[in-house]
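Below is one structure, written out as structure tokens; the observations come after it.
Next comes the structure, spelled out in structure tokens:
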């Protein structure tokens, strides 16, 4: 018996194997693009590694390095993913939430997931991400993001995210038997067939998700379907499997002998898709390997011809009209310094086998194709960090780098928006229950963050001491308050760069958090940044009164903002304000005066904050 969903899977597979016509004479088959990427990534020819004479063919890979250059240019790290709040009252909460999410990313090795997303996006031209929920050994529900391999995925070639998606999993009998919610009777039958055929222990299981008629589900549930069920659709999930002999990819009856092991109706949509460079009429974007396919093909052709020419021209041959030397061999019959006798006027001369123009012509062809590849992918030598030819103007090199960087910046920005969408739709809702429970945030903060945290902690501790004394009828002097702050500071620095903050229950519940993926300062040249910092320091050192002039300070802040050195003008103004206070305090002390202002931050009605 062939189930409706199994027949539908055969139709999906046939459609996936059939090229689509974008325009008259312009056909596209997603399967061919993926096959090309797999072969070229591994430096393998599509038509085999040997030529018609069974000789090995060299593969001169020029695309992997281009992928590395683009990956470096559009890199996104976990530290670039921040959480902000539009409400200024929840600044501290959003700051701590960022650190909590960062600790989750570190625990889940999310940095590797980001790197894999970036590389797949570059190579294949499209990125498919899958949301997976599972239970760990403690019974806690966990979230994991998977990146399906394109070679194991079948999709609609016109609209990937909108059509059915079929993912192939190769599962061992042990893994199948561990799926307790699946039909164990059918699983055992499939395993028995696989063992008899001797085709290996891994069994292909097809995960099918898409919008299908309600009649598909009713058939498996043993219910009678109506005519309206054939036109009423819902988003459904199926796991189908069969023995490998019955499910051969070359068999026209593919899918007809598969068995449904598990199914769900009205299930969650767990895939998100991002195209690299979109093309009309097709779903898969254009990746580096498709962009550079022509350059790779003709570079290989040139290298192969060069190799054959070297093979022929490297032979040592001689020629002579002397019949006395006919059939002799210079390599096997002569030693160094030996004198050969020949007939009069019939000397032995070397035979030059070099092609016209020499072997340099092949290098010129390779250089031409590589230049074409650089223009197509915008991965110029400057972007790859290579030393420019002698005499290249610095300004020209800078313009080329700026142009190529702008292309990658757009790709990086699209990837950042995609990651933001994943966080807002999947990650943050999943983490809501975990983060809103009472817990301890253990995090290693930066020097600037430590300064602010320790200041707030010492103020909070001094306030608690002052509040207790005031309520008991004791007087609090400024000296006592400062001593309390100092003792709190000395206590907390014992934890070095790590702070342990107690987050109360539902502390994050009321904040309106906004996910931001910062891609503006990622690709910084360390030499350029250091040079900018030195210049800024020099300007400020030579003009110490700069902070006193509002106009000059405004210009100075703009210079820092545009320099991209990673210094926030807001934090800079805070440091300047601290410097002013210190100078004023020193001036007052020199004049023998004391400040009569109340202790900083002292408030008996202060709102409770997370405890350290």
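Numbering (our numbering), first residue to last: 1 to 612.
Cβ atoms here follow ideal geometry from the backbone N, Cα and C, with glycine treated the same way.
Straight-line measurement puts the Cα of residue 125 at about 14 Å from the Cα of residue 418. Non-local beta-carbon contacts of residue 153 in its own chain, meaning distances under 6 Å to residues more than five positions away in sequence, involve 167 in chain order.
The shortest CA-to-CA distance from residue 258 to any of 265, 267, 242 is the one to 242. Within its own chain, the residues whose Cβ lies closer than 7 Å to the Cβ of residue 163, once the five positions on either side in sequence are excluded, are 155, 156, 210, listed in chain order. Under DSSP, residue 165 shares a beta bridge with 155, 209. Considered as a whole, the segment 429-465 harbours 439-444 as its complete beta strand (DSSP E) runs of no fewer than 3 residues, in chain order. Residue 365 and residue 52 have their alpha carbons spaced roughly 24 Å apart. In terms of Cα proximity to residue 517, the closest of 76, 34, 26, 42 is 76.
In this structure, the CA atom of residue 239 is about 15 Å from the CA atom of residue 191.
Each residue's CA atom was taken as its position, placing residue 501 and residue 555 some 38 Å apart. Put simply, of 450, 277, 455 the residue whose alpha carbon is nearest the alpha carbon of residue 414 is 277. Rounded to the nearest whole angstrom, the CA to CA distance from residue 541 to residue 420 is 41 Å. When the five nearest sequence neighbours on each side are left out, the beta carbons in the same chain lying within less than 6 Å of the beta carbon of residue 306 are those of 362, in order along the chain. For residue 349 and residue 332, the gap between their C-alpha atoms comes out near 17 Å. Residue environment for residue 132: exposed (fewer than 16 other C-beta atoms within 10 angstroms of its C-beta). DSSP, read as helix, strand or coil, puts residue 150 in helix.
Pairing residue 143 with residue 587, the inter-Cα distance amounts to about 58 Å. Collapsing the DSSP output to three states places residue 370 in a helix. Counting the other CB atoms within 10 Å of its CB gives residue 374 a total of 16 or more, which places it among the buried residues. In the three-state scheme derived from DSSP, where H, G and I count as helix and E and B as strand, residue 329 is classed as coil. Secondary structure remark: continuous alpha helix (DSSP H) runs of at least 4 residues inside the segment 68-140, in chain order: 91-107, 110-124. Residue pairing by DSSP places residue 499 opposite 443 in a beta bridge. Nearest C-alpha to residue 346 among 135, 338, 326, 334: 326.
Within the segment 268-349, complete alpha helix (DSSP H) segments of at least 4 residues are found at 288-291, 293-313, 330-333, given in chain order. Cβ-Cβ distances below 6 Å link residue 219 to 4 in the same chain, with the five nearest sequence neighbours on each side left out; the list follows chain order. By the neighbour-count criterion, in which a residue is buried when 16 or more other Cβ atoms sit within 10 angstroms of its Cβ, residue 343 is exposed.
Closest in C-alpha terms to residue 265, from the list 234, 79, 272, comes 234. Around the beta carbon of residue 308, fewer than 16 other beta carbons sit within 10 angstroms, so the residue counts as exposed.
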